Amino acid sequence: MTHHLVSLKYGNSSISLPLPEDTRSFRFTEPESGTDRAGFVNNLIELIGARPVGDRVSVIVADKTRLCGYPVILPWVAEVLEQKGAGQDRVTFYIAYGTHPRQSDQECVVAYGEVYNSYRFIHHDCNDRDAFIELGRTGRGTPVAIRKSLADSSLILTIGAISHHYFAGYGGGRKLIFPGLARRDAIYANHSLYLDRQKGELAEGCRPGNLARNPLAEDLLEIHRMVPGYLSVHALLNSCGQVASYHFGHSYDDFLEICNKLDLCYKVETDRTFDLVLASTGGYPKDINFIQAHKSIHNVAPLVRDGGTLIMLAQCIDGTGSTNFLPYFTMGGPKETFSHLAKNYAGNGGTALAMMAKTERINILLVTELDEAVCKTIGVKKISASTAEEIIFDHSGSTALAANSSMLVVGKKAQPPAPRK
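Per this note's numbering: the sequence shown = residues 4 to 424.
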């Protein structure tokens with residue numbers, strides 16, 4: 004069988020592997036690119052409009068795992084706010100970590116540029132209980148606990164990339180405020196909706212690119228309606244993780260519109276499954292740790308037939324990305340883990356259960372820097388690039404390629420948005 008080499012991203016480098024000529028390659032429609040300083044500044048000025056910005060402006064940005072061109076655009080944001088009367092002493096940037104660990108100052112300079120050194124940045128700490136105010140509870144019982152200083156803001160602006168999220172449907176947008184700037188127990192209350200306690204399994208509606216009958220996403224919508232009003236700059240990324248375009252809005256409909264555009268680019272429809280799927284997360288930061296890499300595994304797992312094999316390239320230079328993750332794999336199995344989480348949900352529990360469901364159905368081989376013992380605990384097999392090459396050469400069944408699986412979602416494509424009246 005004839006093979007050809009493909010170069011796949013791995014961390015900040017790449018690995019070349021052979022593929023049979025009849026490999027099915029899943030590709031996207033790249034979003035149209037169109038970003039420049041003048042257009043960005045004019046759109047942001049129009050978004051803010053005539054409303055007074057006041058003296059307590061809050062700008063919310065994502066952490067290093069979800070970048071969206073911050074070093075370029077944050078000076079433009081600062082410029083517009085300055086024009087509107089909000090200088091450095093009136094503007095605070097919040098890093099929406101959620102439950103993620105704090106970044107170093109050096110990492111922040113890389114992530115946000117020189118604005119980090121000239122403006123006040125707050126590193127969100129979900130454990131600092133004194134920092135929060137509770138605005139009520141959702142119908143599902145989630146406490147809407149956000150930062151007091153955010154609730155007191157004269158203007159709130161969120162800036163982040165829209166992405167498919169493996170249980171919330173979509174990342175970015177409303178998630179920058181909650182769970183991005185929420186209290187830990189509130190975050191866990193929302194995330195625990197990933198569990199269908201009546202059926203004893205993961206909630207069927209909690210999947211990437213889906214909001215319908217998704218209890219977690221519906222909870223987030225209710226939270227969105229309870230938090231203070233805010234303006235948003237949404238980034239649409241290309242398959243290389245670079246910003247293709249920015250979209251400006253102030254409503255949930257604006258958020259849905261950009262989600263629709265994301266679907267049109269990155270959702271693929273197929274009923275076929277394959278004996279072997281070769282995939283890369285797309286490199287750094289999508290494979291910075293296993294928690295992030297799992298999203299890519301989750302995206303492409305539906306392409307693998309029952310009993311088939313997934314070879315995933317994921318460097319995971321920061322390890323698993325969570326101290327809470329591995330203990331779930333020592334509880335005796337999925338049923339025991341589900342029972343534990345149903346009583347006491349904690350960080351990355353849903354991720355662990357989702358991973359267990361996949362390793363029960365398919366074989367997952369990981370080209371990674373994770374420790375071999377860690378891989379064994381998770382239920383995957385660590386292999387080298389040369390071993391991956393041998394497996395591919397020896398394989399005689401059907402093969403598929405997902406070169407950037409962090410962006411790929413298998414599902415029904417969205418319809419083009421109707422023109423606004």
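Note that beta-carbon positions come from the ideal geometry of N, C-alpha and C, so glycine has one too. Please read all numbers here as calculations on a predicted model, not as lab measurements.
Buried or exposed by the 16-neighbour rule on C-beta atoms within 10 Å, applied to residue i
i	result
residue 237	buried
residue 273	exposed
residue 62	buried
residue 55	exposed
residue 32	exposed
residue 421	Model confidence at residue 421 stands at a pLDDT of 45, short of 50, so the residue's coordinates are unreliable; what they give is reported in the following sentence. By the neighbour-count rule (16 or more Cβ atoms within 10 Å), residue 421 is not buried but exposed.
residue 126	exposed
residue 203	exposed
residue 318	buried
residue 175	buried
residue 66	buried
residue 178	buried
residue 423	Because residue 423 sits at a pLDDT of 42, beneath the cut-off of 50, its placement in the model cannot be relied upon, and the following sentence gives the value as read from the coordinates. Under this definition residue 423 is an exposed residue.
residue 447	No statement about residue 447 is possible, as the shown extent of the chain runs from 4 to 424 and does not include it.
residue 19	exposed
residue 326	exposed
Rounded separation between residue i and residue j - CA only
i	j	result
residue 410	residue 251	22 Å
residue 405	residue 265	17 Å
residue 295	residue 369	14 Å
residue 349	residue 269	31 Å
residue 82	residue 106	25 Å
residue 467	residue 221	As displayed, the chain neither begins before 4 nor continues past 424, which places residue 467 out of reach and without an answer.
residue 52	residue 38	21 Å
residue 229	residue 155	14 Å
residue 231	residue 27	47 Å
residue 408	residue 182	24 Å
residue 249	residue 43	7 Å
residue 92	residue 47	20 Å
residue 98	residue 41	26 Å
residue 226	residue 147	7 Å
residue 315	residue 324	17 Å
residue 333	residue 293	17 Å
residue 381	residue 357	11 Å
residue 95	residue 58	10 Å
residue 281	residue 138	46 Å
residue 263	residue 186	30 Å
residue 199	residue 117	45 Å
residue 80	residue 375	45 Å
residue 419	residue 35	At residue 419, the pLDDT of 46 sits below 50, so the modelled position is not reliable and the matter cannot be decided from this model.
residue 171	residue 284	19 Å
residue 276	residue 306	5 Å
residue 253	residue 223	16 Å
Collapsed DSSP secondary structure at residue i in the structure displayed
i	result
residue 297	helix
residue 390	helix
residue 474	Because residue 474 is not part of the residues shown, which for the chain are 4 to 424, the question remains open.
residue 173	strand
residue 413	strand
residue 303	helix
residue 280	strand
residue 383	coil
residue 292	coil
residue 420	Residue confidence for residue 420 is low, a pLDDT of 45 falling below 50, so the modelled location carries little weight; the figure read from the coordinates is stated next. Reduced to three states, the DSSP call for residue 420 is coil.
Is there contact here, the segment 5 to 20 with the segment 389 to 406, by at least three beta-carbon pairs under 8 Å?
yes
Please specify which runs of the beta strand (DSSP E), each continuous and at least 3 residues long, are wholly inside the segment 176 to 249, giving them in chain order.
234 to 240
Enumerate, from N- to C-terminal direction, the unbroken beta strand (DSSP E) stretches of 3 or more residues contained entirely within the segment 305 to 379.
307 to 316 and 366 to 370
Give the list of continuous alpha helix (DSSP H) stretches no shorter than 4 residues that lie fully inside the segment 14 to 64.
40 to 51
So does the segment 241 to 249 actually touch the segment 142 to 156, counting three or more Cβ pairs closer than 8 Å?
no
Using 8 Å as the threshold, is the segment 70 to 89 in touch with the segment 106 to 118, meaning 3 or more CB pairs across them?
yes
For a minimum of 3 consecutive residues, which ranges assigned as the beta strand (DSSP E) are wholly contained in the segment 81 to 169?
94 to 99, 123 to 126, 135 to 140, 146 to 150, 158 to 164 and 166 to 168
Assess, as a yes-or-no matter, whether the segment 146 to 162 is touched by the segment 203 to 220 under the definition of 3 or more beta carbon pairs within less than 8 Å.
no
Can you list the alpha helix (DSSP H) stretches of 4 or more residues lying completely in the segment 248 to 277, in chain order?
255 to 269
With three or more beta-carbon pairs closer than 8 Å as the criterion, would you say the segment 359 to 378 touches the segment 297 to 314?
yes
Would you check if the segment 325 to 342 and the segment 283 to 290 touch, i.e. whether three or more CB-CB distances between them fall below 8 Å?
no
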